[in-house]
């Protein structure tokens, strides 16, 4: 009887190791790979991963998630196979730290490449690319060449403004930055003004703004910088190229500041089984090669001093990022979200 | 009533119930599996959400409830109108193209709502083909000269959902019309009731349970959708759950809203059932003849064709054509990527496994309810429907804790016994996905099986037991063979739903695993929608296969039955799928060993 149990146990044991070899379960035993949990789309991650593998010989396994990345890693706990967490928006980066799923990283390469205000003081997250929140204006109908974020509430735009949902992270960060500059009361008034100017219900994506401008639904709108590149380069097809060509892109500023930028960033997971490879991957992202992919595959601004933005994006004009730190903006996110509800921005 | 009769007959019951303990235990485990994510949500909710509720009550709930009610009301009216009238037209009348339309009306089932939303915005946008063509036709130069209503609105959202989700009502109602009402309709016709009279005063009231069940499934799909409604700018309660979770990092608060919503859904279902508690739909499973379709000629026939064609065109043909052109553009430009093939195989494999699991679990629940006939087992059966009543992402979030707990336990045990860890076995192998799909769609399989079982006379069970068969023997040798068509059609529906599933797939899949839906989502998120159109088309095509099977199967049986002049039924009807289904909380109708006149007809040649 005991023998039988032992035989069974042995059989099961070999089965399990076979399963582990086949790539089931945690792969901590296998060297030379790195596991990436990302909210960034495969269209961007794939070229990054391929270039990294070509350079280092380290295989990149990815899973593309949307909402719930931090929740999943937290639930997986110490058994989590995640090495690198890759996300967008300062809110998510802060969330990763607050949920305790990241670990501090010290790396001279990272620290020299990324300016201090674009990384966590304790090394728990690093921004690897930037995007600016810009104003798209109709080439045909808008003659203004400069605009402030505050101007969007100007009644002269009544019925002419398009924007995606106020509760979308990109807008929440913009509104949070407005709060950081002007306080909550002034932001509420501003939001009411923008809301009163809307040509259509807040919704859709940033590209819909350009499309709706071409379609004559609105004259100005708010959208991220990289969408301009995605549209104008023809990466999204010939139709989107038309949308992109129908707009002038203005680099708006806060009256007492400059252009609002947000970041995409990365962190090393707290229980990363391949920690060294994870750090290597991070360092690759801010290498010249990695930064180039960010600007070429997705038209994002590089974080590294001296790295070039894509020509289409560079042609928009010189970006002067707001000096507010991302962490400061993140503090006002909740208040921003509450304000959006209070003024009924999305209704 | 049924529990009363069982109580009276209790002394005679034990013999028939012998051997069902194992079934009950199995049922309990299944119900626990489905309830686990809900319980873990409740635990999350219990952590407290700070100052959330005053804010919600002041600014969110009034608007979210209004939008939700408008959406559900609108979609409800639309799916009932389209679903029930199309079902009536194809069963009560004969007109050109009827046989073809009868199954074509099911096609929109293959279309995920988010694909419909993307496709229609492209088609109907001011610079899209429809409006551009219209302007060219009418001689307008700029889109600004001719402003038409925007699809991105409550109205647009209702229309899209209505035209994609009506098949749920169509399927269940048509089943009811096919099986149950021939004699009553003929009586009405004899009494010279007009066409409208027959429909509104006889057919419609009789089909109410079927309509209710089909509608509740359609409405839950609409309610739990985030992709399409957010894209179209409609802010339902589900969207509020999202912003609470994501922007305020208030997951407990989001869980509270989700549970509140679940409560509302369950309450609505109970109210509906309560409202028709005194109504009897007796005669239901008695021997019935097929309703003889009346020939509709001339303009009436043409009108019937149009009425049945429009939903198919809007809900399927137009968006499908659009996908085909987009995909063709893409393929010409870049060819078919080998990934699509891998992703298709992955999607079909996981969906198939999940379907089998959902059917097995459904069988356990439904058979237990039938064999044990206790309030307890009936209640377990109802738990199965919970997974469908919460949004996919919320269910997936609720699954995180139980899944990782089990994974942890497996890993620890394996380490202790064999000295080798397994890591996260469920997550890493994709088993988590199978669990999520099964938990989410269990209500569909259970409902179908239950409806199939309801039509087997209990006297057969009793005969089997009397002749010495065990409980398992009754199941395998009598019931299973008899319900195989219902089983098949329920399986096909579950499969289609798994193919389309997005939110839980996104959150719970292992590294390097991509399904067609997640691929499409990745492309759409980046706005390179054209790249995604190939995947979208693959989802529709592979979703189409089961839908066509579902329909053809039904037709073949009609023909077979018709020839031998036996009672007509039809698989798509066996499945009354949705029929007595899911959320209909009554225990299997013929409850208790008593001979229940309304369900047993000893002369029915099938039984």
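Protein chains in written order, with this note's numbering: chain X, 1 to 347; chain E, 348 to 954.
Beta carbons: idealized from backbone N, C-alpha and C, even for Gly.
No experiment lies behind these values; they were computed from the predicted model shown.
Within 10 angstroms of the Cβ of residue i, are there 16 or more other Cβ atoms? Answer buried if so, exposed if not.
| i | result |
| --- | --- |
| residue 349(X) | Residue numbering for chain X in the displayed model covers 1 to 347; residue 349(X) lies beyond these limits and cannot be assessed. |
| residue 653(E) | exposed |
| residue 688(E) | exposed |
| residue 341(X) | buried |
| residue 710(E) | buried |
| residue 390(E) | exposed |
| residue 646(E) | exposed |
| residue 679(E) | exposed |
| residue 234(X) | exposed |
| residue 481(E) | exposed |
| residue 889(E) | buried |
| residue 764(E) | exposed |
| residue 409(E) | exposed |
| residue 394(E) | exposed |
| residue 208(X) | buried |
| residue 55(X) | exposed |
| residue 813(E) | exposed |
What's the gap between the Cα of residue i and the Cα of residue j?
| i | j | result |
| --- | --- | --- |
| residue 83(X) | residue 268(X) | 6 Å |
| residue 185(X) | residue 591(E) | 22 Å |
| residue 220(X) | residue 742(E) | 39 Å |
| residue 229(X) | residue 580(E) | 25 Å |
| residue 824(E) | residue 834(E) | 15 Å |
| residue 495(E) | residue 473(E) | 8 Å |
| residue 920(E) | residue 552(E) | At residue 920(E), the pLDDT of 38 sits below 50, so the modelled position is not reliable; the number obtained from the coordinates is stated separately. Cα to Cα, the separation comes out at about 18 Å. |
| residue 231(X) | residue 137(X) | 15 Å |
| residue 499(E) | residue 415(E) | 16 Å |
| residue 295(X) | residue 243(X) | 21 Å |
| residue 807(E) | residue 371(E) | 21 Å |
| residue 761(E) | residue 769(E) | 7 Å |
| residue 477(E) | residue 378(E) | 49 Å |
| residue 124(X) | residue 601(E) | 27 Å |
| residue 368(X) | residue 63(X) | As shown, chain X starts at 1 and ends at 347. That puts residue 368(X) outside it, with no answer to give. |
| residue 869(E) | residue 685(E) | 17 Å |
| residue 32(X) | residue 697(E) | 29 Å |
| residue 69(X) | residue 491(E) | 43 Å |
| residue 790(E) | residue 588(E) | 23 Å |
| residue 142(X) | residue 873(E) | 28 Å |
| residue 444(E) | residue 380(E) | 46 Å |
| residue 131(X) | residue 253(X) | 14 Å |
| residue 128(X) | residue 110(X) | 9 Å |
Quick one: which chain A residues come within Cβ less than 8 Å of residue i?
| i | result |
| --- | --- |
| residue 500(E) | Of the protein chains in this structure, namely X and E, none is chain A. |
>> Pairs of beta-carbons, one from the region 748-763 of chain E and one from the region 77-93 of chain X, closer than 8 Å: are there three or more?
In response: yes
>> In chain order, what are the residue ranges of uninterrupted beta strand (DSSP E) at least 3 long that sit wholly in the region 32-63 of chain X?
In response: 33-38
> Which runs of the alpha helix (DSSP H) fall wholly inside the region 731-814 of chain E and span at least 4 residues, in chain order?
Replying inline: 739-765, 772-776, 778-801 and 805-813
> At a Cβ cut of 9 Å, what residues of the region 276-298 of chain X count as close to chain E, listed as they run along the chain?
Replying inline: 298
> Contact between the region 62-76 of chain X and the region 322-330 of chain X: three or more CB pairs below 8 Å?
Replying inline: no
> Curious, which full-length alpha helix (DSSP H) runs of at least 4 residues does the region 477-546 of chain E contain?
Replying inline: 501-527 and 529-537
> Curious, which full-length alpha helix (DSSP H) runs of at least 4 residues does the region 826-854 of chain E contain?
Replying inline: 827-847
> Where are the beta strand (DSSP E) runs, 3 residues long or more, that stay fully inside the region 105-172 of chain X, in chain order?
Replying inline: 126-138
> When Cβ atoms are compared, which residues of the region 856-870 of chain E fall closer than 9 Å to chain X?
Replying inline: 856, 857, 858, 859, 860, 861, 865, 866, 868, 869 and 870
> Can you list, in chain order, the residues of the region 461-491 of chain E whose Cβ is nearer than 9 Å to any Cβ on chain X?
Replying inline: 468, 469, 472, 473, 474, 475, 478, 489, 490 and 491
> Can we say the region 268-287 of chain X touches the region 42-56 of chain X, given the rule of at least three CB pairs closer than 8 Å?
Replying inline: yes
> Which residues, taken in chain order from the region 107-124 of chain X, show a beta carbon closer than 8 Å to some beta carbon of chain E?
Replying inline: none
>> Please list, in chain order, the residues of the region 52-79 of chain X that have any C-beta partner in chain E closer than 7 Å.
In response: 61, 62, 63, 64, 65, 66, 67, 68, 71, 72, 75, 76, 77 and 79
> Taking Cβ-Cβ distances below 7 Å as the criterion, which residues of the region 398-417 of chain E are in contact with chain X?
Replying inline: 402, 406, 407 and 410
> Can you list, in chain order, the residues of the region 330-341 of chain X whose Cβ is nearer than 9 Å to any Cβ on chain E?
Replying inline: 333, 334, 336, 337, 338, 340 and 341
> Looking at chain X, which residues of the region 588-621 of chain E have a Cβ within less than 8 Å of any of its Cβ atoms?
Replying inline: 589, 590, 592, 593, 594, 595, 596 and 598
> Given a limit of 8 Å on CB to CB distance, which residues of the region 741-761 of chain E reach chain X?
Replying inline: 743, 744, 747, 748, 750, 751, 754, 755, 758 and 761
> Is the region 536-550 of chain E in contact with the region 558-568 of chain E, if contact means three or more CB pairs nearer than 8 Å?
Replying inline: no
>> Please identify, using Cβ separations under 8 Å, the residues of the region 769-789 of chain E that lie next to chain X, in order along the chain.
In response: 769, 770, 771, 772, 774, 775 and 776
> How do the region 299-311 of chain X and the region 566-586 of chain E stand: do at least 3 beta-carbon pairs fall below 8 Å, yes or no?
Replying inline: no
> Mind listing which residues of the region 168-184 of chain X have their C-beta closer than 8 Å to chain E's C-betas, in chain order?
Replying inline: 169 and 172
> Counting pairs of beta carbons, one from the region 195-213 of chain X and one from the region 164-174 of chain X, are three or more of them closer than 8 Å?
Replying inline: yes
> Using a Cβ cut-off of 9 Å, which residues of the region 209-231 of chain X contact any Cβ in chain E, in chain order?
Replying inline: 211, 212, 214, 215, 216, 217, 227, 230 and 231
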